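J.: According to this note's numbering, numbering within the sequence shown proceeds without interruption in unit steps and concludes at 73. In this text, a Cβ means the ideal position worked out from N, Cα and C, and glycines have one as well. Given the structure is predicted, the values throughout are model-derived calculations rather than measurements.
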Amino acid sequence: MTEEKYTATYQFGKTTVHVVSPSFKSKDEIEKVNRNIHAAAWKIIREVPAEEKIPKNQNIGMVSLTIHSIL
3 MTEEKYTATY
13 QFGKTTVHVV
23 SPSFKSKDEI
33 EKVNRNIHAA
43 AWKIIREVPA
53 EEKIPKNQNI
63 GMVSLTIHSI
73 L
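1) Determine, using beta carbons only, whether V19 and T9 come nearer to each other than 8 Å.
2) Per DSSP, T17 is paired with what?
3) Kindly indicate the opening and closing residues of the alpha helix (DSSP H) around K7.
4) Helix, strand or coil: which one does DSSP assign to K27?
5) Y12 to R48, Cα distance in whole Å?
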């Protein structure tokens, strides 16, 4: 059995959290993941009923999500 290697380990009360770094991915693999995320997000957006959608010109304070740390 191989030994697990953790990037970091944290203790929160009685809970231990081990953080494992993902393996290296090539640019092509990252692009594929990004395309899949993009497609899934648009599928979800299209399923929201029109009356629940936010008007285009309404300022809602959008937050940018960076996912590169999980790739």
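T.: A quick look at the data gives this:
1) The residue you call residue 19 lines up with position 17 of the sequence shown. The residue you call residue 9 lines up with position 7 of the sequence shown. When the beta-carbon positions are compared, V19 and T9 stay at least 8 Å from each other.
2) On the sequence shown, residue 17 is found 15 positions in, with the first residue counted as 1. DSSP output for T17 lists F14 as bridge partner(s).
3) Position 5 of the sequence shown, counted from the start, is the residue given in the question as residue 7. No alpha helix (DSSP H) holds K7; DSSP gives it neither H nor E.
4) Stepping through the sequence shown from its first residue, residue 27 is reached at position 25. If DSSP states are grouped into helix, strand and coil, K27 belongs with coil.
5) Position 10 of the sequence shown, counting from 1, holds the residue named residue 12. Position 46 of the sequence shown, counting from 1, holds the residue named residue 48. C-alpha separation (whole angstroms): 39 Å.
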